[in-house]
Structure formats: C-alpha cells, structure tokens
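Chains as they are written, first to last, in this note's numbering: chain A, 1 to 291; chain B, 1 to 291.
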C-alpha cells in the first residue's frame, strides 16, 4: 500500500474501483473503506458538497471523502431532507468520485423515495456513480420511521448494493429528541441491532456528544459507531478514547462557507469594503487542484 | 417598483423574465439589469458559484447575482479557463436563475469554444437559461486574442442574444500584463471602443485598481466600466467617486470559502479539533433560504 507520511493510505486516482501498488491490484476502494472503520485511527470525515470541496478535503490528507446531504442539497438548489431530486444527487456523486482518488461515501438522506424500491434504485445509482459507502437515515417529518419500515429499507439497500458498499445506518433518535429521554439510549440500541441485522455495516448517531452516552453506544452497538462533531463538541481524540470509529463534521463546514459568503456580500453591499474576504486566497492552488 | 429599505429594487421571484408591481408588468429583468449600470449607485456584485451562494447573496440585499467562472468551474470539477463543459455551465446558470428573483449575469469565460459560432451557441444557451447578462473575456493562453477575432466573437454573441442581454466585454490586458505598460491604457481603450462597436454594453477591466488609471478608463471607455475589487483594493465608494459603474468581487469569495474548507479539514485531520469552523453556523437559515 502507498502509505503517506501522515499514515493515510493513498493511491492513484485513475484506476477506478481498485487500489494499485507497483502495478499490482491490492484491495478495492470498498474494502479499504471498510478497513478505515476498523483500524487504530478514528476515521475523520470533513464532509464535502461539491467537487472543489471534495478535492480540497482530499488534498488536506483525508483518507476518504464523505458528502453532506445538506451542503449538496443547498448547492444544487434544494432544502435538506429528501427534497433534492435523485438524478441531481447521483450526478453530483459521480462528479466527486471522478475527481478524487480516495473512497467516497455519499449521504443520500433517507434514500430519495417513499418505498424500499425507491431506496434500492438510489443505492444502485450510488454504486454506479462510484461511491463505496452510503448514509441512510431513519429520520422522517421531525421524528423517526417505525423500526420495521426502516429495516425493510435497509434490507432493500443491502440487496441492491450487490457489492461491498459500506452502509452506515443513521439513527435520528437523539438528533430529533424522539421519545422519552430515559429510554432513548435503549431505543437507539434496539434500532442499531435491527439495522445491523438488516445488513448495515455501521451505525451513525448524530446529536449526541456526551462522552458517557457515546461510550454506552459504542459498547451496545458492537459495530463501528459514527458520531457528529463540530464546534463545541469533544475532540476527535476524546471520541476515539471511548471507542468511536468514525467522526463526521456533517454540514458544519458548508454552513461556515456559506456564512462567509453572507458576511462578505453584506459588507461589500453596505460598507463597500472586503474585510470579510480573507486575504490568503489561492486561485492558482485551487485551479491546480482541479486539473 | 418595489424598492426595499436599502434602495434596491426587489420583485417576486416567480414571474419569469418580467418585473411585476401590483399585478402590472413594468420592465424586464434585462432592462432592470441595464438600468443598474446607469444609476447613482455602483452596482456591487458579490459573485456566486452555486445555488446556495446565489441565494445567500440575494438575501444579503444584492440587486443582481453574478457568477464567478472560476468558482463555478471548481465546484463542478474543472479548472478555470474554458475547460468546463458548456452543458454543465448552462445547467448551473438555469439552477441559479430558477432560484433567485433578481437579475442574473453569467460569466461564461471566453464563450466555451474556438469559433464565433461556439460563442453564439453558448449565448443562446445563456439566454434560454434565464440569465440577462453575460461576461465574455478576450484572454487566451496567458495573453489576449487579436482584436479582430474578439470583435467577431462579440458580434456573434450580440446577434445570438436576440434580446436585451447585457454583454459585458472583459479586457484582460491588465490582468495578464499584456504588451508594453506604457501603451497598455491606450491599447485597452482601443479594444474597448472596438468591443462596444461590436455590440458590447459595458467593459470589464480586471487587474487594475489604481484609481488614476481607473479614472482614465472611465473617461476613455464612455460606457459602464466594471472593475474587480477585493482585499487590498479601493472600497466601492472610491471606485464610485471616479465613475466606476460596477464592482465585482470575482472569485475571491469562492476562494475564501474553499480556503475555509481546507483549514477546517486540516485541523480536524491533524489536531482533531474544529476551531476553524466558525460557531455562527445557520443550518435552519440556509435550509429556509432554499425553500
């Protein structure tokens, strides 16, 4: 394997789904992506939403690129939450997988459709677009889907994948404060067990950063646990110390980028100055990254 | 007209190419966009590159939305400089014009093609996509096209537009430091005169921020002059005082946004913290903007 100075695995971007070293295929990107959940290091995902952000994240040393569904939806003209058209979402995934060499995992919200068949169609499209991982969430209309319904959707996704696609099952009980707080941990663990039986490879529980609760989730889930981090949350090392396998930044970087747009536009339109636009901009560097 | 507290013209986003007030059509968006170059206020364009940035800029009070070709190309996976496919560029323009109510002007680099016919095809696509303005540059391979060639391209664009499309002819003599500095001002003015005769409505000279030179350009061009501003350049009011009609921020906001991605990713991947991601992120506000 081509291991960089920072310990991350790197490989040429032009060899499709396979990893090559001295001309010999080693493992697929999907296999590599699975391995990244089971190593000594926490898999850190600074979520991207377009080709430029994906290339910048890869260039920053990321072992994999994950999309943020919110950032993707906003950049393409839709609110977050299954409002973006499947075709636009899949085209975006293909643009990113074409541009980066590391494994790509796509957040496809709840799967873009009401029925398990819709989820299956989305998953086939995700695989065809070259992603090796996917996030599927159980959130629905401010709450969560019934467990049996989400199990059917995950099973449909597993069957549709036909490959080693890493299915990260997102449970929104904490994010949407579903049900009685006293039973939320157990409800979440029950969902996790059902989702893993349905074919999920890992569990993503956003909205919980309390380390004791996270540690309980790690112990109870028994598969790679993904948490959502960001300003105010514990650092990656703290999550890693309690056994978290994967830390995602979600939509926070996209939100911060568009907040910069807002501040820059307001300043230029009101005071007519440009101090909100940092001076260390790098046209040539970005242009070179896209070649 | 629906004039906001900040003096900008606003109108409902759902009425296509026309401006409506109390149910009566007043002027087209193209007419409004022309007027914005000839009023008392400098037209300030905080350039956008996707739907979210366009909506954020509009929401910040902008009278019009302009795209940055560099930001558009990077976000879609190409370097700047006529490398992006025309179809991807036009789809992006359509997504933006569908999402915002204010006039949209599109930077289409040098027109996506070697021949005037290619430029004409691009312009027909831009008009069909709902933009009411366009930037066409004479830069080519680090220098500038022969004047006669660029005149043919602008004439083809003018003929193809078939409407009141505002054609902003960009002259890259200063940006690319073309020729003898002693004759650059006169060369630029000669190009401006030729481009205006070919049908351009205004002249864009990026790469010059010296106010004396800008003032000479304003006097010599005799049509709305657009300059490129950003960190370190004079403020909008200073440009306005010497007669500049339009100030663009170009790719600087996009560069700053992707620089934020870089810093956030590097920090999360190395120290495992998130201080590069500002805390004032606004998921709900962005989501609401996209509805």
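Cβ atoms here follow ideal geometry from the backbone N, Cα and C, with glycine treated the same way.
- Nearest in C-alpha terms to residue 222 of chain B, of all of B:205, B:237, B:128, B:196, is B:196.
- Across the set B:51, B:99, B:60, B:253, the C-alpha of B:51 shows the shortest separation from the C-alpha of residue 74 of chain A.
- Excluding the 5 residues flanking it on each side, residue 58 of chain A has same chain C-beta neighbours closer than 8 Å at 65, 100, 101, 102, in chain order.
- For the 8 Å CB-CB criterion, residue 30 of chain B and residue 166 of chain B form a contact.
- Residues are counted here when their Cβ sits less than 7 Å from a Cβ of chain A; for the region 142 to 161 of chain B the count is zero.
- According to the DSSP assignment, residue 188 of chain A belongs to the alpha helix (DSSP H) that extends over 181 to 197.
- Exclusion of the five residues before and after residue 268 of chain A leaves 274 as the residues of its chain whose Cβ lies within less than 7 Å of its Cβ.
- Counting along the chain, residue 61 of chain B sits inside no alpha helix (DSSP H), nor does DSSP assign it H or E at all.
- Contact with chain A is absent for residue 168 of chain B, since none of that chain's Cβ atoms lies less than 8 Å from the residue's Cβ.
- In this structure, DSSP gives residue 167 of chain A an extended state, which the three-state scheme calls strand.
- About 4 Å separates the beta carbon of residue 70 of chain A from that of residue 251 of chain A, a gap short enough to meet the 8 Å contact definition.
- In this structure, DSSP gives residue 134 of chain B an extended state, which the three-state scheme calls strand.
- For residue 266 of chain A and residue 27 of chain A, the gap between their C-alpha atoms comes out near 49 Å.
- Following the DSSP letters along the chain, one finds residue 227 of chain B inside the beta strand (DSSP E) bounded by residues 225 to 228.
- In the three-state DSSP reduction, residue 246 of chain B falls in the strand class (E or B).
- Within chain A, 56, 60 have C-beta atoms less than 7 Å from the C-beta of residue 262 of chain B, given in sequence order.
- Rounded to whole angstroms, residue 115 of chain B and residue 144 of chain B show a C-alpha spacing of 15 Å.
- In terms of beta-carbon proximity, residue 291 of chain A lines the interface with chain B, with at least one pair separated by less than 8 Å.
- Along the region 238 to 270 of chain A, going in chain order, the ones with a CB nearer than 7 Å to a CB of chain B are 249, 251, 252, 253, 255, 256, 257, 258, 259, 260, 261, 262, 264, 265, 266, 268, 269.
- At a cut-off of 8 Å between beta carbons, residue 181 of chain B makes no contact with chain A.
- The beta-carbon of residue 110 of chain B is placed no less than 8 Å from the nearest beta-carbon of chain A.
- Of all residues in the region 199 to 211 of chain A, none is placed with a Cβ closer than 8 Å to any Cβ belonging to chain B.
- DSSP, reduced to helix, strand and coil, places residue 173 of chain B outside both helices and strands of the structure shown, so it counts as coil.
- By the C-beta density criterion, residue 78 of chain B is buried, having at least 16 other C-beta atoms within 10 angstroms.
- Contact between the region 79 to 92 of chain B and the region 105 to 112 of chain B is present, with at least three C-beta pairs closer than 8 Å.
- Fewer than three Cβ pairs drawn from the region 233 to 242 of chain A and the region 257 to 265 of chain A lie within less than 8 Å of each other, which leaves the two stretches out of contact.
- Under the Cβ criterion of 8 Å, residue 231 of chain B is counted among the residues facing chain A.
- When only Cα atoms are considered, residue 188 of chain B and residue 241 of chain B end up about 21 Å apart.
- Relative to the Cα of residue 170 of chain B, the nearest Cα in the group B:120, B:225, B:285, B:122 belongs to B:225.
- For residue 122 of chain A and residue 112 of chain A, the gap between their C-alpha atoms comes out near 7 Å.
- In this structure, the alpha-carbon of residue 46 of chain A lies about 36 Å from that of residue 133 of chain B.
- If you draw a 10 Å sphere on the C-beta of residue 191 of chain A, you find 16 or more other C-beta atoms in it, and that means buried.
- Sorting B:72, B:137, B:182, B:220 by C-alpha distance to the C-alpha of residue 53 of chain B places B:72 at the top.
- Considering only beta carbons, no part of the region 214 to 227 of chain B lies closer than 8 Å to chain A.
- Assigned with DSSP and collapsed to three states, residue 48 of chain B falls in strand.
- The Cβ atoms of residue 243 of chain A and residue 215 of chain A sit closer than 8 Å to each other.
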